[in-house]
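Note sheet for the following structure.
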Amino acid sequence: MAYTANPFSIICPENSGPFLFTAEHASNHLPCSYSESDQQFLQTHWAFDIGIAPLMKHLCTALSCRGVQTEFSRLWIDANRSPAQEGLIKTEIQGTPLSFNQNLSPTAREDRKNNFHARYHNTISDIITSHATPPMLISMHSFTPIWNNRLREMDIGVLFDRDEDIAHALASILQDDGFFVALNQPYSGKNGLIYAADRHGTENNIPYVEFEFNQSIICSAERIAAVANRMIQAFQKFLHKYAHLISQ
Ligand SMILES: [Zn+2]
999 MAYTANPFSI
1009 ICPENSGPFL
1019 FTAEHASNHL
1029 PCSYSESDQQ
1039 FLQTHWAFDI
1049 GIAPLMKHLC
1059 TALSCRGVQT
1069 EFSRLWIDAN
1079 RSPAQEGLIK
1089 TEIQGTPLSF
1099 NQNLSPTARE
1109 DRKNNFHARY
1119 HNTISDIITS
1129 HATPPMLISM
1139 HSFTPIWNNR
1149 LREMDIGVLF
1159 DRDEDIAHAL
1169 ASILQDDGFF
1179 VALNQPYSGK
1189 NGLIYAADRH
1199 GTENNIPYVE
1209 FEFNQSIICS
1219 AERIAAVANR
1229 MIQAFQKFLH
1239 KYAHLISQ
């Protein structure tokens, strides 16, 4: 099947600052027709990371950095999972089947892997190699404040695997600013669940973390702008105080 829409967008392509922001779940777009029963999920966290695309745009602009984001829903294919991983293409949500993912042929699965997942990740690889000084990778995500009937109280999760010092430095700056920050929460970065950051960070031997923002703090344009301003200051402080942690 041929798709005309681009599976990714590059944010502030003219910039080449010290961070490369990525957003694997930026969009709720489905490049296919879908049923009424699918529709209930499309404005929810099941389909995309609410608030992340506008937040990333603020950060890229103010910090003179580039960003790459998906232009397809995680329900179409999940760009933050390995192509080999279970759940790459979900067939149902809590018992409700997703009509567009039923009985996919091997060719249809390969098509999504090649035209969406691979093209998105190849773009990230190309951007990293185009940087004169390799960037630090920051994968941007958001999480739903209520999961399995439990309230997740933290504002921001900083997820890391090998870059523990960097994660602690960023977390302490954000905590000093009054955010409720947790390390490797709501899930651990050590379980292969921060696929995008892990893959490109490891392949290029550059530092990487994943940020998870509570959707309750970025649920309106005003809140996103306010969080963005605090994040911009935090990243500037990080560069000022901890540049040695990311220099090669
Ligand atoms: Zn996400």
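The sequence shown begins at 999 in our numbering and counts up by one.
Ideal Cβ placement from N, Cα and C applies to all residues, glycine included.
Beta strand (DSSP E) containing T1127: first to last residue? No beta strand (DSSP E) holds T1127; the alpha helix (DSSP H) holding it covers R1117 to S1128.
Assigned exposure category for H1119 - 16 Cβ within 10 Å defines buried: buried
With hydrogens ignored, establish whether the beta-carbon of H1139 is closer than 6 Å to any heavy atom of ligand 1. yes
Helix, strand or coil: which one does DSSP assign to A1077? coil
Any chance you could list the alpha helix (DSSP H) runs of at least 4 consecutive residues sitting entirely within the segment 1177-1225, in chain order? 1193-1202
Using only the alpha-carbon positions, how far apart do L1154 and T1059 sit? Sequence inspection shows Ile at residue 1154; the Leu mentioned does not correspond to that position. Answer to the nearest angstrom: the Cα atoms are 21 Å apart.
For E1022, the nearest candidate out of A1180, G1176, E1084 and Y1193 (CA to CA): Looking at the Cα atoms, Y1193 is the closest of the given residues.
Around the Cβ of S1086, are there at least 16 other Cβ atoms within 10 angstroms (buried) or fewer (exposed)? Residue identity check: residue 1086 is Leu in the sequence provided, not Ser. That one is buried.
Hey, quick one: how far does the alpha helix (DSSP H) through M1054 stretch, first residue to last? That run of the alpha helix (DSSP H) goes I1050 to L1061.
Could you check where the beta strand (DSSP E) with H1139 kicks off and where it finishes? M1134 to F1141
Can you grab the Cα-Cα spacing for the pair I1136 / I1008, in whole Å? 14 Å
Unbroken alpha helix (DSSP H) run spanning T1020, endpoints: Segment F1017 to A1021 is the beta strand (DSSP E) holding T1020; no alpha helix (DSSP H) there.
Tell me the DSSP secondary structure of L1157 in three-state form. The answer is strand: DSSP assigns L1157 an E or B state.
Count the other CB atoms within 10 Å of the CB of F1178; is the residue buried (16 or more) or exposed (fewer)? Looking at its Cβ environment, which holds fewer than 16 other Cβ atoms inside 10 Å, F1178 is exposed.
Terminal residues of the continuous beta strand (DSSP E) containing I1009? F1006 to I1009
Who are R1148's beta bridge partners in DSSP? W1145
Other residues of its chain near Q1213: CB distance less than 7 Å, five sequence neighbours each side excluded: H1043, I1048, G1049, S1140, F1141, T1142 and P1143
Do D1076 and ligand 1 come close, with the Cβ less than 6 Å from some heavy atom? no
Span separating the alpha-carbon of P1011 from that of H1115: 20 Å
Looking only at DSSP bridge pairs, what is P1095 linked to? E1090
Would the beta-carbon of D1196 be found less than 6 Å away from any heavy atom of ligand 1? no
Ligand 1 and H1023: does any heavy atom of the ligand fall closer than 6 Å to the residue's C-beta? Checking every heavy atom of ligand 1 against the Cβ of H1023, one is found closer than 6 Å.
Determine the direct distance from the alpha carbon of L1061 to that of A1223, and round the result to whole angstroms. 14 Å
Which first and last residues belong to the beta strand (DSSP E) in which T1105 is found? Segment P1104 to R1110 is the alpha helix (DSSP H) holding T1105; no beta strand (DSSP E) there.
DSSP on R1228, reduced to helix/strand/coil? helix
7 Å Cβ cutoff met for E1069 and S1025: A contact, by the Cβ cut-off of 7 Å.
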